[in-house]
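Protein chains in written order, with my numbering: chain C, 1 to 326; chain B, 1001 to 1326.
Here is the structure:
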């Protein structure tokens, strides 16, 4: 890996020491989530699976880790005017939660058509919501404007070395408990979790295989790794709303260096894997979280006979609208 | 407690030694389920709650414990012709599962209108299903007939000292992990779980308070304890289908001696408590399992300020028909 002092700040990535420092920083605030197993899913996949249950994490998703690390690593002067991000999903709620714990303001830019429950979730953690038109350009523009007018520090959902270091701490805990894994799998959207997972796993267990999992309807990471160059994101069409983000140059760099492959899966497999996990494990996971198992069901991740860690990313689901009840 | 050698066999109950023996007997077969906590549910109830997650147990319910103890405590001669029970719910599946592990037949009498998924579940564990008219009289008659013609031993869902001993092992594990609880709460239908929980808890922690929780629509246990005599069961109307059974003289005796009170709750509270657990804890519980929390929400269990163990009984839910989507 290229030392950080020789590369552009926009490409900087955390090393294992930075991820361990993140873990020490956030441990007082987060849950150490359990690692669960399932004989039934082992039988179905032919692998021995170890599920790191970040659906039980604060705010119901691993995003609490990265947001917490970013917020608590700010100097007092930098933190004084709060933080800002744009997110309609778990990162917005996670940043509001982390900022509330540090008693600084969190500004969250959300599209004006965001579901009321997601807006209420951010506000429930004391977040200040700013509405914008539902386009990426509008979100980024308003986010920049809020930063300028308030002095709040931008905490990007994934294109941020401190966020990536925080997300990597789930793999640290998983490998502390199960050091003899052959493979670790995480879903990939913008690539923050997969980057952190790969950097932590390769640092802790040299020779371990790290794989990504992605919906076919948002497969820019798989295509980028295959092409060896960052590909333009597709118009993402997937129920896995947490995985619609596109890789950044930073996360592409991490994945290129440390990830062995990315499985892809159909929408149908995502719904089947989600329901199967609810039925067999009696735990609630969101569609994005089901993508690694969906890839195993469709045979696009070579896990048979292996000991495989899977990051279960989150459990925030609208219980009034389940995907198998279309 | 009256020594077992001075009372009728039909009233016999296990003591702590018998429950510990059951635990040793079934430990190779069952999961040691985790104990989970929830800051959010603590805030709502004003108590400090410790949830023993039997929804993660084999067959998705604590019933695996009692069935397993009953099956594995049979002599080889007694076990030779298998076991029989009548149950349309978790006990039938649990008995089939336990018998399969001992490689003996399990006959399960089910009403002819039982949901296909429950029939498939019993058959999935190798159980032999016998259909009868959907009345208690028909169930008991066919159960007795199957016993006579096959030589199978009856394993009653709750009116059985070995089943009660097995059900008590969940409280043993809970109190091994959290010995300083003030209160343990379990739902009550026929009273097998609550009897075992009370006998184990009082044996392990003298002075501990054991409470039951019951739907208002099937409140024979609450009325029986209040009257000091077994009351006739109501025509049970409740979504908590696991709690429609009525106390037997045996379980009434256990509850009279060892349970301090029974909270009751509305159907609406059961649905709210079930959904709240799904949303806040990200785990799947069935309606019967939500009854203790429902009683806390309605203020019929005095838990405020206390450290309270709650047996989460099961997680078998029809995901196509959720109770808040009526």
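By construction, the Cβ of each residue, glycine as well, lies at the ideal position given by its N, Cα and C atoms.
Please work out which residues of its chain come closer than 6 Å, Cβ to Cβ, to residue 233 of chain C, disregarding the five sequence neighbours upstream and downstream, and give them in chain order.
Apart from sequence neighbours up to five positions away, the residues of its chain that approach residue 233 of chain C with a beta-carbon distance below 6 Å are 220, 246, ordered along the chain.
Scan the region 132 to 211 of chain C and note each continuous beta strand (DSSP E) run of 3 residues or more that stays entirely inside, going in chain order.
You should have 183 to 187.
With residue 52 of chain C as the anchor, note down where its beta strand (DSSP E) starts and where it stops.
Start and end: 48 to 53.
Any idea what DSSP makes of residue 30 of chain C, helix, strand or coil?
In this structure, residue 30 of chain C counts as coil in the three-state DSSP scheme.
Runs of alpha helix (DSSP H) lying entirely within the region 1244 to 1287 of chain B, each at least 4 residues, in chain order
Scanning the region 1244 to 1287 of chain B for uninterrupted alpha helix (DSSP H) segments of 4 residues or longer gives 1249 to 1258, 1267 to 1281, listed from N- to C-terminal end.
Counting contacts by CB-CB distance shorter than 7 Å, is residue 1126 of chain B in contact with chain C?
For residue 1126 of chain B, not one C-beta of chain C is nearer than 7 Å to its own C-beta.
Cβ-based burial, residue 324 of chain C [other Cβ within 10 Å; buried from 16]
Exposed.
For residue 159 of chain C, count the other beta carbons within 10 Å of its own beta carbon; 16 or more makes it buried, fewer makes it exposed. Which is it?
Residue 159 of chain C sits buried, since 16 or more C-beta atoms from the chains shown fall within 10 Å of its C-beta.
Quick one: Cα of residue 1177 of chain B to Cα of residue 1049 of chain B, how far?
About 13 Å.
Neighbourhood of residue 223 of chain C by C-beta distance below 7 Å, restricted to the same chain and skipping five residues each side:
So the list reads 231, once near-sequence residues are dropped.
Per DSSP, residue 106 of chain C forms a beta bridge with which residues?
DSSP lists C/83 as the bridge partner or partners of residue 106 of chain C.
Determine the burial state of residue 1104 of chain B: buried for a count of at least 16 other Cβ atoms within 10 Å of its Cβ, exposed for fewer.
With 16 or more Cβ atoms within 10 Å of its Cβ, residue 1104 of chain B is classed as buried.
Any beta carbon from chain C within less than 7 Å of residue 1284 of chain B's own beta carbon?
It does: the Cβ of residue 1284 of chain B has a partner Cβ on chain C nearer than 7 Å.
Check whether chain B comes within 7 Å of residue 97 of chain C, counting only Cβ atoms and requiring the distance to be less than that.
By the rule that beta-carbons nearer than 7 Å mark a contact, residue 97 of chain C does not touch chain B.
Is the separation between the beta-carbon of residue 52 of chain C and that of residue 1055 of chain B shorter than 7 Å?
Their beta carbons are not under 7 Å apart, which means residue 52 of chain C does not touch residue 1055 of chain B by this criterion.
Excluding the 5 residues flanking residue 1188 of chain B on each side, which residues of the same chain have their C-beta closer than 6 Å to its C-beta?
Closer than 6 Å at the Cβ level, and outside the excluded window around residue 1188 of chain B, lie 1194, 1212, 1214, 1221.
May I ask you to list, following chain order, the residues of the region 1028 to 1062 of chain B that have a beta carbon less than 7 Å from some beta carbon of chain C?
Answer set for the region 1028 to 1062 of chain B: 1034, 1055, 1056, 1060.
From the DSSP output, in three-state form, read off residue 1127 of chain B for me.
Coil at residue 1127 of chain B, not helix or strand.
I'd like to know if residue 315 of chain C contacts chain B, where contact means its C-beta is closer than 7 Å to some C-beta of that chain.
Chain B contact via Cβ: present.
Have a look at residue 1087 of chain B and residue 269 of chain C and give me their C-alpha separation to the nearest angstrom.
The straight-line gap from Cα to Cα measures roughly 34 Å.
Residue 1213 of chain B, DSSP secondary structure in three states
Of the three classes helix, strand and coil, the one that applies to residue 1213 of chain B here is strand, per DSSP.
Please tell me whether residue 1108 of chain B and residue 1122 of chain B are closer than 7 Å, where the distance is taken between their beta carbons.
In contact: residue 1108 of chain B and residue 1122 of chain B (Cβ atoms closer than 7 Å).
In terms of DSSP beta bridges, what is residue 1311 of chain B paired with?
The bridge partners DSSP lists for residue 1311 of chain B are B/1052.
Would residue 287 of chain C pass as a contact of residue 185 of chain C if the rule is Cβ separation under 7 Å?
The Cβ atoms of residue 287 of chain C and residue 185 of chain C lie no closer than 7 Å to each other.
Per DSSP, what kind of secondary structure is residue 1071 of chain B in: helix, strand or coil?
In the structure shown, residue 1071 of chain B falls within a helical segment according to DSSP collapsed to helix, strand and coil.
If we count the other Cβ atoms within 10 Å of its Cβ and call it buried at 16 or more, is residue 1040 of chain B buried or exposed?
With a 10 Å radius around the Cβ and a threshold of 16 neighbouring Cβ atoms, residue 1040 of chain B comes out exposed.
Return the CA-CA distance between residue 290 of chain C and residue 166 of chain C, expressed in angstroms with no decimal places.
Near 22 Å, if we compare the C-alpha coordinates of residue 166 of chain C and residue 290 of chain C.
Go to residue 223 of chain C, then tell me how far its alpha helix (DSSP H) extends in each direction, as first and last residue.
Start and end: 220 to 227.
Which value, in whole angstroms, describes the spacing of the CA atoms of residue 75 of chain C and residue 252 of chain C?
For residue 75 of chain C and residue 252 of chain C, the gap between their C-alpha atoms comes out near 28 Å.
Contact check, residue 259 of chain C vs residue 153 of chain C, beta carbons under 7 Å
Cβ distance not < 7 Å, so residue 259 of chain C and residue 153 of chain C don't count as in contact.
Distance, Cα to Cα, residue 132 of chain C vs residue 113 of chain C?
Distance from the CA of residue 132 of chain C to the CA of residue 113 of chain C, rounded to the nearest whole angstrom, comes to 9 Å.
Can residue 1164 of chain B and residue 1196 of chain B be called in contact, C-beta distance under 7 Å?
Going by C-beta atoms, residue 1164 of chain B is nearer than 7 Å to residue 1196 of chain B.
Would you call the CB atoms of residue 200 of chain C and residue 168 of chain C closer than 7 Å?
Contact check for residue 200 of chain C against residue 168 of chain C passes: the beta carbons are separated by less than 7 Å.
Which whole-angstrom value is the C-beta distance of residue 1205 of chain B and residue 1174 of chain B, which I expect to be below 8 Å?
The beta carbons of residue 1205 of chain B and residue 1174 of chain B sit about 11 Å from each other, so the pair does not count as a contact at 8 Å.
Which chain B residues sit within Cβ distance under 9 Å of residue 174 of chain C?
By Cβ distance, chain B contributes nothing, its closest Cβ being about 16 Å from residue 174 of chain C, past 9 Å.
Determine which residues of the region 243 to 275 of chain C have a Cβ less than 9 Å from any Cβ of chain B, and write them out in chain order.
Listed in sequence order: 275.
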